[in-house]
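Residue 192 in our numbering sits at position 102 of the sequence shown, with consecutive numbering throughout. Each residue gets a CB set at the ideal place from its N, CA and C atoms; glycine is no exception.
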Amino acid sequence: MSGEGAPILSTVDGAAELRVAVVAAQWHATVMDGLLDGARRALADSQVRDVTEVRVPGAFELPVAAARLAAAGFDAIVALGVVIRGGTPHFDYVCTAATNGLTGVAVRTGVPIGFGVLTCDNDEQALDRAGLPGSKEDKGHEAAVAALSTAVVLGAFDRP
């Protein structure tokens, strides 16, 4: 199982004052609804009050949106998307672009990005990770907690 060895985190102390953006793709509405619900729950559980949600067409557009949000002064970004393998190399190109693009934005700007982009072979795998009733994992929640945790840890280095 892919979640093997993952840290058990549900709330992030010290995240309440963070300014957080959630950027989410529109493809695969049912899975995206689960990912968004998980991210929203993690943000609410950590008492984050300043949350902006932005929707983009697909996973390919996540990096440019994240770059703009990072430049706008957000403390953390949660990127959510779903890419399901088809019969062409398109899957590989979109997954690589989203992964490399989001990583580049995070490294270049220093703004933590929670990576909640599912890259699955089929619909069943995506549904199993979406945080829906019956899902084995909640990747939207995990991505939000990762972004918040990293922002809080890195924020300690900004204090005088």
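Considering only the alpha carbon of each residue, which of the options lies closest to residue i?
{"i": "L192", "options": "G206, A119, V121 and L244", "result": "G206"}
{"i": "A149", "options": "V235, V197 and A188", "result": "A188"}
{"i": "V168", "options": "G224, L208 and T178", "result": "L208"}
{"i": "D165", "options": "V195, N190 and E232", "result": "V195"}
{"i": "A129", "options": "G204, L244, Q215 and V242", "result": "G204"}
{"i": "G200", "options": "G163, R139 and E232", "result": "G163"}
In angstroms with no decimal places, state the Cα-to-Cα distance between residue i and residue j.
{"i": "M91", "j": "G230", "result": "Because M91 carries a pLDDT of 44, less than 50, the predicted location of this residue cannot be relied on, and the following value inherits that uncertainty. The straight-line gap from Cα to Cα measures roughly 17 Å."}
{"i": "E107", "j": "D218", "result": "32 Å"}
{"i": "A134", "j": "V197", "result": "26 Å"}
{"i": "C210", "j": "Y183", "result": "14 Å"}
{"i": "A119", "j": "D228", "result": "16 Å"}
{"i": "T101", "j": "T186", "result": "30 Å"}
{"i": "L159", "j": "S225", "result": "30 Å"}
{"i": "F247", "j": "V154", "result": "27 Å"}
{"i": "V242", "j": "V173", "result": "29 Å"}
{"i": "T240", "j": "Q137", "result": "16 Å"}
{"i": "L222", "j": "F181", "result": "24 Å"}
{"i": "P147", "j": "E214", "result": "22 Å"}
Starting from residue i and walking both ways along the alpha helix (DSSP H), at which residues does that stretch end?
{"i": "E232", "result": "K229 to G245"}
{"i": "D123", "result": "A119 to D135"}
{"i": "G87", "result": "Since the first residue of the chain shown is 91 and the last is 250, residue 87 is not available in this structure."}
{"i": "A220", "result": "Careful: A220 lies outside any alpha helix (DSSP H) and carries neither H nor E."}
{"i": "P153", "result": "L152 to A161"}
Pop quiz: residue i and residue j are said to be a contact at Cβ under 8 Å. What is the actual Cβ separation, rounded to whole angstroms?
{"i": "L152", "j": "G177", "result": "Wrong, their Cβ atoms sit about 23 Å apart, outside the cutoff."}
{"i": "A132", "j": "A234", "result": "4 Å"}
{"i": "G124", "j": "A220", "result": "3 Å"}
{"i": "L244", "j": "P202", "result": "7 Å"}
Tell me where the beta strand (DSSP E) around residue i begins and ends.
{"i": "V141", "result": "D140 to V146"}
{"i": "G171", "result": "A166 to I174"}
{"i": "V207", "result": "I203 to C210"}
{"i": "F106", "result": "The question names Phe, yet the displayed sequence has Ala at residue 106. Taken as a continuous stretch (DSSP letters only), A106 belongs to no beta strand (DSSP E), as it is neither H nor E."}
Quick one: is residue i near chain B, going by C-beta distance under 8 Å?
{"i": "V184", "result": "Absent from the structure: chain B. Only one protein chain is present."}
Would you call the stretch 100-117 and the stretch 139-158 in contact, with 3 or more CB pairs under 8 Å? yes
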